[in-house]
Amino acid sequence: MKARAFSYFRAATIDQALDAHARAGDDARFIAGGQSLVPALSLRLQAPRLLIDITHIDALRGVRREGSHLRIGALTRHCEMLSEPLIAEFAPLLAAAAPFVAHPAIRNRGTLGGSVALADPASEFPAMTLALDAEIEIAGASGHRRVKADDFFLDLFETALLPGELVTAIHVPLFKADQRFAFDELARRRGDYALVGCGMLATCAGDRIDDIRISFFSVGNTPTRVKGAETALIGASLDAVRIAAAQAALEGDLAPPESDEVPSAMRLHLARVLLGRLLGRLDEGA
Numbered sequence: 001m002k003a004r005a006f007s008y009f010r011a012a013t014i015d016q017a018l019d020a021h022a023r024a025g026d027d028a029r030f031i032a033g034g035q036s037l038v039p040a041l042s043l044r045l046q047a048p049r050l051l052i053d054i055t056h057i058d059a060l061r062g063v064r065r066e067g068s069h070l071r072i073g074a075l076t077r078h079c080e081m082l083s084e085p086l087i088a089e090f091a092p093l094l095a096a097a098a099p100f101v102a103h104p105a106i107r108n109r110g111t112l113g114g115s116v117a118l119a120d121p122a123s124e125f126p127a128m129t130l131a132l133d134a135e136i137e138i139a140g141a142s143g144h145r146r147v148k149a150d151d152f153f154l155d156l157f158e159t160a161l162l163p164g165e166l167v168t169a170i171h172v173p174l175f176k177a178d179q180r181f182a183f184d185e186l187a188r189r190r191g192d193y194a195l196v197g198c199g200m201l202a203t204c205a206g207d208r209i210d211d212i213r214i215s216f217f218s219v220g221n222t223p224t225r226v227k228g229a230e231t232a233l234i235g236a237s238l239d240a241v242r243i244a245a246a247q248a249a250l251e252g253d254l255a256p257p258e259s260d261e262v263p264s265a266m267r268l269h270l271a272r273v274l275l276g277r278l279l280g281r282l283d284e285g286a
């Protein structure tokens with residue numbers, strides 16, 4: 001199939017983009033990397049009257065330190081997550097997840113802001129914003145606001161974005177010397193959507209875990225923090241008994257959907273296996 005006919009507008013500023021969307025109403029879409037939107041247009045799953053190109057807005061670019069956070073512009077491409085020194089130093093969990101995102105051709109075009117705004121529950125970066133306790137910076141008609149990742153992902157492809165709003169940046173707390181991270185996913189082939197994926201960030205005092213955030217993807221309608229497993233780990237050392245307790249807690253944290261391809265019980269089993277592996281890596285990094 002081919003996309004329905006549409007008008008095209010190239011915005012030079014955030015205000016221009018927001019104004020164009022306001023004038024078009026619900027019949028407009030922002031486009032940057034287009035790795036999800038273009039296929040949807042071709043299949044006519046979406047058929048907006050107006051496409052607003054935001055790729056030339058300088059305010060959406062760049063990675064820089066701002067106080068205790070790293071500000072990553074929404075137009076930062078997936079491939080830049082691999083090559084940007086500031087991300088490697090201050091948000092290494094994002095750098096660890098980046099090689100697992102699809103294939104090089106997609107990573108060269110796809111953007112962080114687009115991935116977070118789409119909120120695909122099988123995508124790596126939305127889940128990592130949860131693990132990192134990131135904040136999503138949003139621009140809209142009423143001005144700019146920031147929303148915690150914990151409050152941003154509401155349901156399947158549904159976020160805290162209001163109609164006409166635009167993700168402008170992701171703010172990530174700077175990685176600290178007493179923190180450790182781990183990431184991995186299980187997929188049939190490298191580059192496929194994961195059957196189960198997980199990333200975690202832990203604050204440690206020697207062998208003891210003082211705080212930990214664990215986020216799974218491909219296990220439900222949204223990226224999912226496993227708070228029961230987190231609670232089982234906080235205040236203790238990572239031994240076999242504690243890891244087993246965290247794995248057991250997943251049954252109360254996760255409710256993977258049933259499907260003919262991957263039954264819920266199988267996905268839950270894979271989540272337990274993956275959690276054990278990653279906690280083992282945290283322990284090795286002590």
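Residue numbers (the UniProt record's numbering): 1 to 286. Heads up, the beta-carbon is just placed ideally off N, CA and C, and yes, glycines get one too.
Residue range of the beta strand (DSSP E) that includes Val-63 = Looking up residue 63 in the sequence shown gives position 63. Start and end: 63-66.
Gly-228 and Ala-249 closer than 8 Å at C-beta | Position 228 of the sequence shown holds residue 228. Position 249 of the sequence shown holds residue 249. In contact: Gly-228 and Ala-249 (Cβ atoms closer than 8 Å).
Take every Cβ of the stretch 112-130, pair it with every Cβ of the stretch 145-161, and state whether three or more of those distances are shorter than 8 Å.
-> yes
Which residues in the same chain have their Cβ closer than 6 Å to the Cβ of Ala-202, if we skip the five residues on either side of it in sequence?
-> Translated into positions along the sequence shown, residue 202 becomes position 202. The answer, listed in chain order, is Arg-180, Ile-209, Ile-212, Leu-282.
Going by C-alpha distance, which of Leu-233, Asn-221, Gly-220, Pro-104 is nearest Ile-214?
-> Position 214 of the sequence shown, counted from the first residue, corresponds to residue 214. Looking at the Cα atoms, Leu-233 is the closest of the given residues.
Delimiting residues of the alpha helix (DSSP H) encompassing Val-116 | Numbered from 1 along the sequence shown, position 116 holds the residue referred to as residue 116. Looking at the DSSP string, the run of the alpha helix (DSSP H) that includes Val-116 is 112-118.
Leaving aside the five residues before and after Gln-46 along the sequence, list all residues of the same chain whose C-beta is less than 8 Å from its C-beta, in chain order.
-> Locating residue 46 in the sequence shown gives position 46, where the first residue counts as 1. Result list for Gln-46: Arg-29, Leu-37, Ala-40, in chain order.
The beta strand (DSSP E) enclosing Ser-42, as first and last residue numbers = Taking the sequence shown and counting its residues from 1, the one referred to as residue 42 is at position 42. From DSSP, Ser-42 is part of no beta strand (DSSP E) but of the alpha helix (DSSP H) over 37-42.
Quick one: is Glu-158 buried, meaning 16 or more other Cβ sit within 10 Å of its Cβ, or exposed?
-> Here residue 158 is taken as the residue at index 158 of the sequence shown, counted from 1. Around the beta carbon of Glu-158, a 10 Å sphere encloses fewer than 16 other beta carbons of the protein chains shown; the residue is thus reported as exposed.
Can you list, in chain order, the stretches of the alpha helix (DSSP H) that have 4 or more residues and sit fully within the stretch 232-264?
-> 240-253
Grouping DSSP H, G and I as helix and E and B as strand, with all else coil, what is Arg-146?
-> Along the sequence shown, one-based indexing puts residue 146 at 146. In the structure shown, Arg-146 sits in a strand (DSSP, three-state: E or B).
Would you identify the three-state DSSP class for His-69, choosing helix, strand or coil?
-> For the purposes of this step, residue 69 is taken as the residue at position 69 of the sequence shown. In the structure shown, His-69 sits in a strand (DSSP, three-state: E or B).
Since Phe-9 is in the beta strand (DSSP E), which residue starts that stretch and which ends it?
-> The residue you call residue 9 lines up with position 9 of the sequence shown. Where Phe-9 is concerned, the enclosing beta strand (DSSP E) stretches over 7-10.
N- and C-terminal bounds of the beta strand (DSSP E) containing Ser-215 | As a first step, residue 215 must be located in the sequence shown, where it is residue number 215. Element bounds for Ser-215: 208-217.
Indicate whether Ala-11 and Ala-20 have their beta-carbon atoms separated by less than 8 Å.
-> Looking up residue 11 in the sequence shown gives position 11. Looking up residue 20 in the sequence shown gives position 20. Their beta carbons are under 8 Å apart, which means Ala-11 touches Ala-20 by this criterion.
N- and C-terminal bounds of the alpha helix (DSSP H) containing Ala-105 = On the sequence shown, position 105 is the one that residue 105 refers to. First-last of the alpha helix (DSSP H) with Ala-105: 104-107.
May I ask which residues mark the beginning and end of the alpha helix (DSSP H) holding His-21?
-> Against the sequence shown, residue 21 aligns to sequence position 21. His-21 -> alpha helix (DSSP H) spans 14-24.
Enumerate in chain order the residues of its own chain whose CB-to-CB distance from His-69 is below 7 Å, with the five nearest sequence positions on each side excluded.
-> Indexing the sequence shown from 1 puts residue 69 at position 69. Only His-171, Val-172, Pro-173, Leu-174 meet the Cβ criterion.
Residue closest to Arg-49, alpha-carbon to alpha-carbon, out of Ile-138, Arg-107, Asp-26, Val-147 | By 1-based counting over the sequence shown, the position of residue 49 is 49. If we check each option's Cα against that of Arg-49, Asp-26 comes out closest.
Exposed unless 16 or more other CB atoms sit within 10 angstroms - verdict on Asp-58 | Residue 58 sits at position 58 when you count from the first residue of the sequence shown. Exposed is the call here.
Are the Cβ atoms of Ala-149 and Glu-137 separated by less than 8 Å?
-> Taking the sequence shown and counting its residues from 1, the one referred to as residue 149 is at position 149. Taking the sequence shown and counting its residues from 1, the one referred to as residue 137 is at position 137. Cβ atoms of Ala-149 and Glu-137: not closer than 8 Å.
Going by Cα to Cα distance, which pick from Arg-225, Val-219, Ala-98 is closest to Leu-82?
-> Counted from its first residue, the sequence shown places residue 82 at position 82. Comparing Cα positions, the closest option is Ala-98.
Segments of 3+ residues assigned as beta strand (DSSP E) that fall wholly inside the stretch 153-231 | Within the stretch 153-231, the complete beta strand (DSSP E) runs of at least 3 residues are 153-155, 166-173, 179-186, 196-205, 208-217.
Could you tell me which of Thr-231, Leu-94, Leu-279 sits nearest to Arg-77, measuring between CA atoms?
-> On the sequence shown, residue 77 is found 77 positions in, with the first residue counted as 1. When each option's Cα is compared against that of Arg-77, the closest is Leu-94.
Would you check if the distance between the CB atom of Val-167 and the CB atom of Ala-91 is smaller than 8 Å?
-> Here residue 167 corresponds to residue number 167 of the sequence shown, with the count starting at 1. Here residue 91 corresponds to residue number 91 of the sequence shown, with the count starting at 1. No, they are not a contact pair.
Please name the residue, chosen from Ser-264, Asp-15, Gly-280, that lies closest to residue 296 on a Cα-to-Cα basis.
-> Nothing can be reported for residue 296: it is not among the residues displayed for the chain, which extend from 1 to 286.
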